Every structure is written in structure tokens, then in C-alpha cells.
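Start counting the sequence shown at 1; every next residue gets the next number (UniProt numbering). Note that CB positions come from ideal geometry on N, CA and C, so glycine has one too. Bear in mind the structure is a predicted one, so any value in this text is a computation, not a measurement. First comes the structure, then the notes that go with it.
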Amino acid sequence: MALDNIRLEVMNTVEKEVDGFIEKYLIPVEEIWQPTDLLPNLQGEDYMNELTQIREEAKELEYDFWVVLVADMVTEEALPTYESWLMDMEGVKQHGKSRGEENAWSKWVRHWTGEENRHGDTLNKYLYLSGRVNMREIEKTTQHLINDGFDIGTGRDPYKNFVYTSFQELATNISHKRVGQLAKKKGNKMLGKMCNIIAGDEMRHYMAYREFVKTIFEHDPSQMMLAFHDMMKRKIVMPAQFLRESGQGIAEAFENFSNAAQRLGVYTTYDYIEILEKLNGYWEIDKMRSLTDEAEKARDYLMRLPDRMRRIADRMAVPQDQHIFKWVEPNGRI
């Protein structure tokens, strides 16, 4: 049987469990938090004091912090790209077999998107109210990121796509959590709470996607191992890899944002390595048997990769020069 057909068969098998994953890892709309729960109530009598508090607390946050928060928000706001990418995977259909019936995989993608959409919405409103950033420049960056598309090297392969989402959801959990910790340390409790709650969503999503991969390993271990190997060999790129400011070419802003995140300790090369180690451990690839020879070699590569990457990371220096972004107002530079 052709590999594509085997993948479709496995996706159809796993699909029977998707409704259970939705119930376990996603939260119904009527129960989950909404952005307005974390922001000033502009219909309340005390809204001016709350806005003043946001702007005063924002003054305590350093330049690199704002750069990272903006880029995190823009990454979340590019959600239409990510939804269309996941909906195009092999095995995901817009509708079920009969009219009005919903395909379980597409249901997952839509419900996941609905939860993720709140993250960019929350951070966007906070940045607007803070008065510390140039929202028009940020909005242009967001539109560019959506226009420029998204290429993470997975094609329509669900195995590779689920490796990517498992990795990326944990990476965003780490980034949002650390940004929240930095904000709280500077006395900004509101922003700290926002980022911490968003990080909690990302953790739930990570737990779901890693479960998808674990289930696929049970049905098609050798091909799942080869997909995992391929993704890690080519490296997991960030969703904002094509980030740019107005007037720039595609991807020109990403490296400077990444350097700011590393300087802050929000997301580093060592975090990347630790995520790989966690995935290796959770999927228990060291214990897998009955692999093809090619898959065995792939597994050996994955087991050695963290130590190899750590040796390289130890020799790397993070650039200390700050790039001045159009996103952040000059008077916001501390």
C-alpha cells in the first residue's frame, strides 16, 4: 500500500478518538475565559483608573520586552494562516460523509483555532491600551505575515504536521510563561496574569498534539519515526519565520526578534533542545521495537541529537546589540 494511503488509513483510525481529545483538551465556549475578562471594563465607572494603571505599569518594562511581546502577539494574530494550513492536511475534510455531518479532524482544527484566536485578541488590546508601541506599524507587520504565507516543510503530511504542532505549542507555552514572569517581576500583575493564562492554553494544546503523535506511533511506528526525524533534521522553524517590518523584505525582522528573545531568556536554543528531549521521552522512542532499519537509524539520530545540539549551543554567542524596531516608540526604550 502506498505511504499516502497508509497515512490516510491511520488518520481515519485516529479520527475515531478525536471527539474524546476535544472533550479532554479543549474547553467549551461558554466556560472558557475571554479577553474582556482580563482587560479593563470600559463600561465600568472605574475604567479611567484601570487604563492609567496599565500605562504606568507599562513604563517599567524594557525595550527588548516590548519587541518580544509585539512579535508574540503578531505570531498569534497570523492565525488564519495556521488554520488554512492544518485544514489542508491529508485526512482532514471540511465536512463528513453526509450533508451536515462534521468531520472530526476539521472539528478539532476549528475548535483549536477558536481557542487560539483569543490570544492575539487579548495581547493586541493590551498593547493598544499600553501606549508604548506603534500600533499602525504592528498592524502592517501582521498583515505582511499573513500575506507572506507559511512554509514549515511539512507539506500535507499529517505525521510531520503533528510533530510540528507538538513542538511549537510547547515552545509558545514557554515563551508566554516567561514573558508573564518578567512582567510580574516588574510589578505588572495584569499582563503577567494574561500571559500566564495564555500559556496554560498552549500547554493543553501541546498535550493534545503530542497525544496525536503517540497514537500514530502505535499504528505506524516506522513511518512516524521517519517523519519525526525529517522534521528535526530540517529544524523546527518558528511560525513567525517570515516576520518583517514595513518597508522590509520577507523575513528580515525575524533574526532581530529572535535575538531579543534570547537576550531576555524568554526562548533560547537550550529551550529548543529541552523540548526535543521531552518529546523523545514522552513518545518513548528508545523503547520502540519492530522498526524498519531506516527507522532504527532515524531513532538513533533523534536520541543523539540533543547532546549534539547542546555542544553547538555552548559555542554560540547571542548578539547584544539592540535593533530599533518601528513597532516600539523611541520613548519606550529604557
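8 Å contact criterion, which residue i and residue j should meet: CB distance rounded
| i | j | result |
| --- | --- | --- |
| PRO158 | GLY91 | 5 Å |
| PHE167 | ILE273 | Incorrect: roughly 12 Å between the Cβ atoms, too far for contact. |
| ALA253 | GLU245 | 5 Å |
| GLU211 | PHE65 | The pair is not a contact, with the Cβ atoms about 34 Å apart (cut-off 8 Å). |
| PHE325 | VAL67 | 6 Å |
| ASP271 | ILE174 | 5 Å |
Among the options, nearest to residue i - alpha-carbon criterion
| i | options | result |
| --- | --- | --- |
| ASN103 | TYR126, VAL14, LYS326, ALA240 | VAL14 |
| GLN262 | LEU51, GLY153, GLN322, LEU127 | GLN322 |
| THR172 | ILE324, LEU38, VAL237, GLU202 | GLU202 |
| TYR206 | ALA298, LEU129, PHE162 | PHE162 |
| ASN280 | VAL213, GLY247, LEU38 | VAL213 |
| HIS176 | LEU226, GLU137, GLY120 | GLY120 |
| LYS140 | ASN196, GLY247, PHE228, ILE216 | GLY247 |
| MET303 | ARG244, MET225, PHE254, ASP148 | MET225 |
| MET231 | ARG310, GLN34, ARG118, TYR164 | TYR164 |
| SER84 | PHE257, ASN256, ASP151 | ASP151 |
| LEU74 | TYR301, THR215, GLY180, ASN124 | It should be pointed out that residue 74 corresponds to Val in this sequence rather than to Leu. Looking at the Cα atoms, ASN124 is the closest of the given residues. |
| ASP220 | PHE325, ILE285, TRP108 | ILE285 |
| TRP112 | VAL70, LEU26, ARG156, LYS59 | LEU26 |
| ALA240 | ASN117, GLU9, ILE197, GLY149 | GLY149 |
| MET190 | THR36, ASN259, ILE312 | THR36 |
| GLU218 | VAL133, THR52, MET288 | MET288 |
| ARG310 | ARG156, LEU243, ALA183, THR268 | THR268 |
| TYR209 | GLU9, LEU8, LYS24, ASN12 | LYS24 |
| ILE138 | LEU69, GLY200, ARG204 | LEU69 |
| GLU255 | THR52, TRP283, GLY200, VAL318 | VAL318 |
| SER222 | ARG136, ILE275, ASP293 | ASP293 |
| MET89 | ARG156, TYR63, GLU77 | ARG156 |
Unbroken alpha helix (DSSP H) run spanning residue i, endpoints
| i | result |
| --- | --- |
| ILE198 | 189-219 |
| ASN134 | Careful: ASN134 lies outside any alpha helix (DSSP H) and carries neither H nor E. |
| TYR267 | Per DSSP, TYR267 belongs to no alpha helix (DSSP H) and is neither H nor E. |
| TRP85 | 79-87 |
| ASP46 | ASP46 -> no alpha helix (DSSP H), and no H or E assigned at all. |
| PHE162 | 158-185 |
| GLY20 | 18-25 |
| GLU294 | 293-314 |
Residue i classed as buried or exposed, judged by whether at least 16 other C-beta atoms fall within 10 angstroms
| i | result |
| --- | --- |
| LYS160 | buried |
| TYR128 | exposed |
| ARG234 | exposed |
| TRP327 | buried |
| GLN320 | exposed |
| PRO80 | exposed |
| SER130 | buried |
| ASN5 | exposed |
| GLU30 | exposed |
| ARG47 | Note that residue 47 corresponds to Tyr in the displayed sequence, not to Arg. Exposed, since its Cβ has fewer than 16 Cβ neighbours within 10 Å. |
| GLN94 | exposed |
| ARG308 | exposed |
| ASN147 | exposed |
| GLN34 | exposed |
| MET316 | exposed |
| THR122 | buried |
| ALA43 | Checking the displayed sequence, the identity of residue 43 turns out to be Gln instead of Ala. Result: exposed. |
| ARG118 | buried |
| ARG55 | exposed |
| GLY332 | Any answer about GLY332 is weak, because its pLDDT of 48 lies below 50 and its placement is not dependable; what the coordinates show is given next. The residue is buried, with at least 16 neighbouring Cβ atoms inside 10 Å. |
| THR142 | buried |
| GLU169 | buried |
| THR154 | buried |
| ASP313 | With the sequence shown as reference, residue 313 is identified as Ala, and Asp is not the correct amino acid for it. Exposed is the call here. |
Which residues DSSP lists as bridging residue i, in chain order
| i | result |
| --- | --- |
| VAL328 | VAL133 |
Residue i CB to nearest heavy atom of the ligand HEM below 7 Å
| i | result |
| --- | --- |
| LYS235 | Questions concerning the ligand HEM fall outside what the structure shown contains, since it holds no ligand whatsoever. |
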